[in-house]
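Here is the structure we will look at, set down as structure tokens.
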Amino acid sequence: MADIIPFRALRYNPSKVAPGDVMTQPYDKINPAMQDRYYAASPYNLVRIILGKARPGDNEQGNVYTRASSWLQQWQKEGILVPDAEPSIYVYAQRFTVPGDPAGSEIERRSFIALGRVEDYDRKVVFRHEQTLSKPKADRFNLLRATQAHCGQIFMVYSNPESAVDTALRQDGPPTVEVRDEYGVLHRMWKVSDPQIIANVRANMADKKLIIADGHHRYETALNYRNEMRRQSSGNLQAPAERVMMTFVNMDSPGLVVLPTHRVVFGLEDFSIFEMVAELRKYFEVEDMGPLSDIPGAMQDLHAAGKDRTALLAVTAHGAFLLTPRPDAQSPSLKGLSELQRALDVVQLHKVVLEETLGMSEEDIRAQTHLKYVRDAAEAVDEVLKGAQVAFLMNPVRMEQVRDIAFAGEVLPQKSTDFYPKMLSGLTIYSLQEAAQGTAGGQ
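Just so you know, my numbering puts 1395 at position 59 of the sequence shown, and the rest follows in order with no gaps.
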């Protein structure tokens, strides 16, 4: 099913630039302060291509997309970016500590970078687990049109319990690239060009189904661009646009970490903690936990309560309340949802708590009108201390839930998954122009 293709990546020349000065977090994780920092780090920092700054007087002839294209071409002429000599697969390892882990132990996530064939969803090879928005896709499409290059990673997961692919790609020698990012994550990459190893990986991946963990907008941009190129090339199925750069992670490996994203509610009119708790008792067992002084301990309690059922922790100025579903009562707001959806903590929170109990609309939630998403539990609790009305602390969605939802053709609510850590942009670049010329494409 999954067609894995080695390629000649464009890569930063380490004799001319330091990797730590030119690589970035994914474009959608770059805030204005990070953008400024990346701009200052190096004139060759990838941010100029993937998230350039607008200038006064920008027009159709001169804008962030045309400048991105110019920089990409110029950096190749200057030898800042150079294509590898032979088609390769790139082993990628990230060593990190999990945010909020009191033990602070280091773990490693292994993956590999290669090209994957762009597949329509109805072919049941690539599966999504979340909806996409039109604005980000339009931005990425304009950038892809201008640069004809994929610079960021599409994070794909596949199932391989026996770890045959990871075993085939195990690398213990010095890495080709090594860089530590601003979050302390150590990124290492090895270029693998051995034809036998590549053939082994391709054979082991041939029957795999792929789930997009991160990068839905980039994947659908590649899909739209492929369709445009097909119309222009009479349906050439071997054209460079038929492929996109992906990073593949075994969902059965211990290094795959999904973090929760907590919700903070603010600014609701006529909000009453006591009325909220009374309404919640219709559908939840509500345990008064008292003032929340030990956040790590509370998160452990939440984790224990949520091992085999939904569990939420509502933190208010009057203390914290552990919510677990009542077996004898189900909210009508869940009617029509599948069993898979109803079993999700985040669905229970959005439908039963935010919409039915607190009166927020789906549009309020999408627009974050009275809602803020926070990764760190302590930060969410601090928002309440600063005046927010309530914070809902959550357990992470389990990988098997993501898998089952995706394979069922369903999607999760927004901000349901936070795969950690993010993959650096700039480790490898897939240039469609170079591929068409036979210098950077697949075999």
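The beta carbon of each residue, even a glycine, is placed where N, CA and C say it ideally should be. No experiment lies behind these values; they were computed from the predicted model shown.
In the structure shown, what three-state DSSP assignment does Glu-1715 receive?
-> helix
Output the distance between the C-alpha atoms of Asn-1540 and Ile-1341, rounded to the nearest integer angstrom.
-> 13 Å
Would the beta-carbon of Glu-1324 fall within 7 Å of that of Ser-1674?
-> In the structure as shown, the chain starts at 1337 and stops at 1779, and residue 1324 therefore has no counterpart that could be examined.
Measure from the alpha carbon of Ser-1767 to the alpha carbon of each residue in Ser-1405, Pro-1511, Val-1461 and Met-1696, then state which is nearest.
-> Ser-1405
What separation, rounded to the nearest whole angstrom, lies between the Cα atoms of Gly-1745 and Ala-1377?
-> 43 Å
With DSSP as the reference, please indicate the residues paired to Ile-1425 in a beta bridge.
-> Val-1528
Roughly how many angstroms lie between the CA atoms of Phe-1755 and Arg-1711, to the nearest whole one?
-> 11 Å
Note down, in chain order, each residue of its chain lying with its Cβ closer than 6 Å to the Cβ of Asn-1381, except the 5 sequence neighbours on either side.
-> Val-1358 and Tyr-1374
Length of the line joining the Cα atoms of Met-1635 and Asp-1606 = 29 Å
So, is the C-beta of Ile-1547 closer than 7 Å to a C-beta in chain D?
-> The chain inventory of the structure shown lacks chain D, comprising one protein chain alone.
Straight-line Cα distance separating Asp-1637 from Glu-1698 = 30 Å
Pick from Asn-1536, His-1465 and Asp-1339 that is closest to Ala-1500, judged by C-alpha positions | Asn-1536
Does the count of Cβ pairs from the region 1588-1606 and the region 1551-1559 closer than 8 Å reach three?
-> no
Report the three-state DSSP secondary structure of Ser-1761 (helix, strand or coil).
-> strand
Report the partner residues of His-1523 according to the DSSP bridge assignment.
-> Gln-1430 and Val-1515
Between the CA atoms of His-1553 and Val-1747 - distance to the nearest angstrom = 14 Å
What's the C-alpha gap between Gln-1779 and Val-1622?
-> The pLDDT assigned to Gln-1779 is 46, lower than 50, so where the model puts this residue is not dependable, and the model offers no usable value.
Same chain, Cβ closer than 6 Å to Val-1682, neighbours up to 5 away in sequence not counted | Pro-1749 and Ser-1752
Alpha carbon to alpha carbon, what distance is there between Tyr-1619 and Val-1434?
-> 33 Å
Met-1337 vs Thr-1583 beta-carbon contact at 7 Å | no
With a 10 Å radius around its C-beta and 16 neighbouring C-beta atoms as the bar for buried, classify Leu-1721 as buried or exposed.
-> exposed
Let me know the secondary structure DSSP gives Gln-1779 once reduced to three states.
-> Bear in mind that a pLDDT of 46 at Gln-1779, under 50, signals an unreliable position, so the number given afterwards is only what the model happens to contain. In this structure, Gln-1779 counts as coil in the three-state DSSP scheme.
In three-state terms, what does DSSP make of Lys-1708?
-> strand
Taking the Cβ atom as the reference point for each residue, do Ile-1548 and Arg-1476 lie within a distance shorter than 7 Å?
-> no
Count the other CB atoms, across all protein chains shown, that sit within 10 Å of the CB of Asp-1458; report buried if there are 16 or more and exposed otherwise.
-> exposed
Locate the alpha helix (DSSP H) running through Gly-1633, then write down its first and last residues.
-> 1631-1641
With a CB to CB cut of under 7 Å and the five nearest residues on each side skipped, what residues in its chain are close to Ala-1354?
-> none
Ala-1656 beta carbon less than 7 Å from that of Leu-1628 = yes
In this structure, does DSSP put Pro-1392 in helix, strand or coil?
-> coil
Specify the secondary structure class of Ile-1340 as computed by DSSP and reduced to three states.
-> strand
How would you label Lys-1687, buried or exposed, when you count the other beta carbons within 10 angstroms and need 16 or more for buried?
-> buried
Among Asp-1517, Arg-1453 and Arg-1524, which has the Cα closest to the Cα of Ala-1577?
-> Arg-1453
Between Gln-1568, Tyr-1494 and Ile-1701, which lies nearest to Met-1735 when the distance is taken from Cα to Cα?
-> Tyr-1494
For Ala-1772, the three-state DSSP class (helix, strand or coil) = helix
Where in the region 1553-1591 do unbroken runs of the beta strand (DSSP E), each at least 3 residues long, occur, reported from the N-terminal end onward?
-> 1579-1586
Please work out which residues of its chain come closer than 7 Å, Cβ to Cβ, to Gly-1591, disregarding the five sequence neighbours upstream and downstream, and give them in chain order.
-> Ile-1443, Glu-1444, Arg-1445 and Arg-1446
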